[in-house]
Amino acid sequence: MSNNHSKTHSLPSSWSTHACQGNYSVVERITTPLCRELIEMANALKSLDPTSSYIFDNGAGTGILTAQLKAHNSNLKIFATDISSGMIQSLQSTIQEQTWYDVETAVADSQDLTSVTPITSSTRPTNNGNQELPKHTSLSDSTFTRALSTFMIGSVEQPHLAIAEMHRVTAPNGILALGAWAGGSWGPVWQIAVCLALGDESYVAPRLMHQDWSELDDVVCGVEAAGWKVQQSKIQKANWGFKDVDEVDRYIFEGGNPIVGLLMEGFEGEKLEACREGFTRVVREEYHDGRELCETAILLTAIKK
Numbered sequence: 001m002s003n004n005h006s007k008t009h010s011l012p013s014s015w016s017t018h019a020c021q022g023n024y025s026v027v028e029r030i031t032t033p034l035c036r037e038l039i040e041m042a043n044a045l046k047s048l049d050p051t052s053s054y055i056f057d058n059g060a061g062t063g064i065l066t067a068q069l070k071a072h073n074s075n076l077k078i079f080a081t082d083i084s085s086g087m088i089q090s091l092q093s094t095i096q097e098q099t100w101y102d103v104e105t106a107v108a109d110s111q112d113l114t115s116v117t118p119i120t121s122s123t124r125p126t127n128n129g130n131q132e133l134p135k136h137t138s139l140s141d142s143t144f145t146r147a148l149s150t151f152m153i154g155s156v157e158q159p160h161l162a163i164a165e166m167h168r169v170t171a172p173n174g175i176l177a178l179g180a181w182a183g184g185s186w187g188p189v190w191q192i193a194v195c196l197a198l199g200d201e202s203y204v205a206p207r208l209m210h211q212d213w214s215e216l217d218d219v220v221c222g223v224e225a226a227g228w229k230v231q232q233s234k235i236q237k238a239n240w241g242f243k244d245v246d247e248v249d250r251y252i253f254e255g256g257n258p259i260v261g262l263l264m265e266g267f268e269g270e271k272l273e274a275c276r277e278g279f280t281r282v283v284r285e286e287y288h289d290g291r292e293l294c295e296t297a298i299l300l301t302a303i304k305k
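Be aware that the sequence shown starts at 1, since it is given in full-length UniProt numbering, and climbs by one per residue.
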């Protein structure tokens, strides 16, 4: 496996920084409709009844999926985790603003849920302004009736461990609802831009998603290898919703997305500026000024047998 995945996974602080920037709204814009669709798929399999459901939002980020779950039914009980404390602190702010009393949060590595760090609105600040974290705890076997995860799985170092952990903490006959990116659109655009700017036709852009978890059949196989029985799986296109090439440029080069940032590793100074110009040219000419930029999402549901 390439080092790109371990770098992405091992830098939760970079996700914390990204969460604090205004450009994160771009992520919310593209993923919110997909989260709604995944919730509908899970609900069609078995109704989301707040009296009997305890939902695990794994890789919750700033809480985009959690918010859509609460919009679906405000009484749902949710436990949301992310490897980035900054993401969870952002979600905690939303919880307080929306007065969601039945949403718990924790900092956790999705690949090992035996050690999670709960964070609540009462977590105390230290003298340096950081949060004083409570002691670690463990998520027990068969804790949840449903495990949901959106667009985290392809960016962790060992996705099969994350899927296995979700299986472990979900009760028998519980449901998995999973969203994954199928490869990502930015790599091909960047590759063309580098060829245009530097004349380097041998350059190959790095993969931004795990190579074994970016095709529908591979994701289905990976999920079932962990003990799940897939019920429904499909591909769905999602438009980024950019208004023009300038918005695309700001998001890619100034937005602080740590995954997108992998593309620019090794590029700096005049070389980076030339490739940036090439990038905007490709977006303008090939993607209708950025308005036709899309991602391909993999959505599936499964049952724990």
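No residue lacks a Cβ here, since even glycine has one placed at the ideal position from N, Cα and C.
By the Cβ-count criterion, residue 210 is buried, with 16 or more other Cβ atoms from all chains shown falling within 10 Å of its own Cβ.
CA-to-CA, the gap between residue 151 and residue 120 works out to about 24 Å. Each residue's CA atom was taken as its position, placing residue 275 and residue 36 some 36 Å apart. Rounded to whole angstroms, the Cβ separation of residue 177 and residue 148 is 5 Å, and the two are in contact under 8 Å.
Separation of residue 48 and residue 198 (C-alpha to C-alpha, rounded to the nearest whole angstrom) is 53 Å.
With a cutoff of 8 Å on beta-carbon distance, residue 193 and residue 282 are scored as near each other. Contact annotation: the region 253-260 does not touch the region 156-168, with fewer than three C-beta pairs closer than 8 Å. Going by beta carbons, residue 230 and residue 302 fall inside the 8 Å limit. With a beta-carbon spacing of about 6 Å, residue 293 and residue 185 fall inside the 8 Å limit used to define contacts. In the DSSP assignment, residue 233 falls within the beta strand (DSSP E) that extends over 228-239. Shown here, residue 70 sits in a helix according to DSSP, grouped into three states. Assigned with DSSP and collapsed to three states, residue 179 falls in strand.
The beta carbons of residue 38 and residue 208 sit no closer together than 8 Å.
Here the alpha carbons of residue 114 and residue 286 stand approximately 47 Å from one another.
Counting along the chain, residue 77 sits inside no alpha helix (DSSP H); it lies in the beta strand (DSSP E) bounded by residues 77-82.
Taking a C-beta distance under 8 Å as the contact criterion, residue 64 and residue 31 qualify as a contact pair. For residue 297, the pairing in a beta bridge is given by DSSP as 181, 236. For residue 58, the beta-bridge partners assigned by DSSP are 81. Here residue 45 has 175, 231, 301 as same chain residues with Cβ atoms under 7 Å from its own Cβ, once five neighbours each way along the sequence are excluded. For residue 260, the secondary structure class from DSSP, reduced to helix, strand or coil, is helix. Just so you know, the alpha carbons of residue 217 and residue 182 end up roughly 11 Å apart. For residue 25, the enclosing alpha helix (DSSP H) begins and ends at 24-45. Shown here for residue 23: same chain residues with a beta carbon closer than 6 Å to its own, the five before and five after excluded, namely 251, 255 in chain order. Minimum Cα-Cα distance from residue 51 among the listed residues 94, 145, 93, 233 corresponds to 145. Spatial neighbours of residue 220 in its own chain (CB-CB distance under 8 Å, excluding positions within 5 residues in sequence) are listed in chain order as 230, 233, 300. In the structure shown, residue 205 falls within a coil segment according to DSSP collapsed to helix, strand and coil. In the DSSP assignment, residue 104 falls within the unbroken beta strand (DSSP E) covering 103-109.
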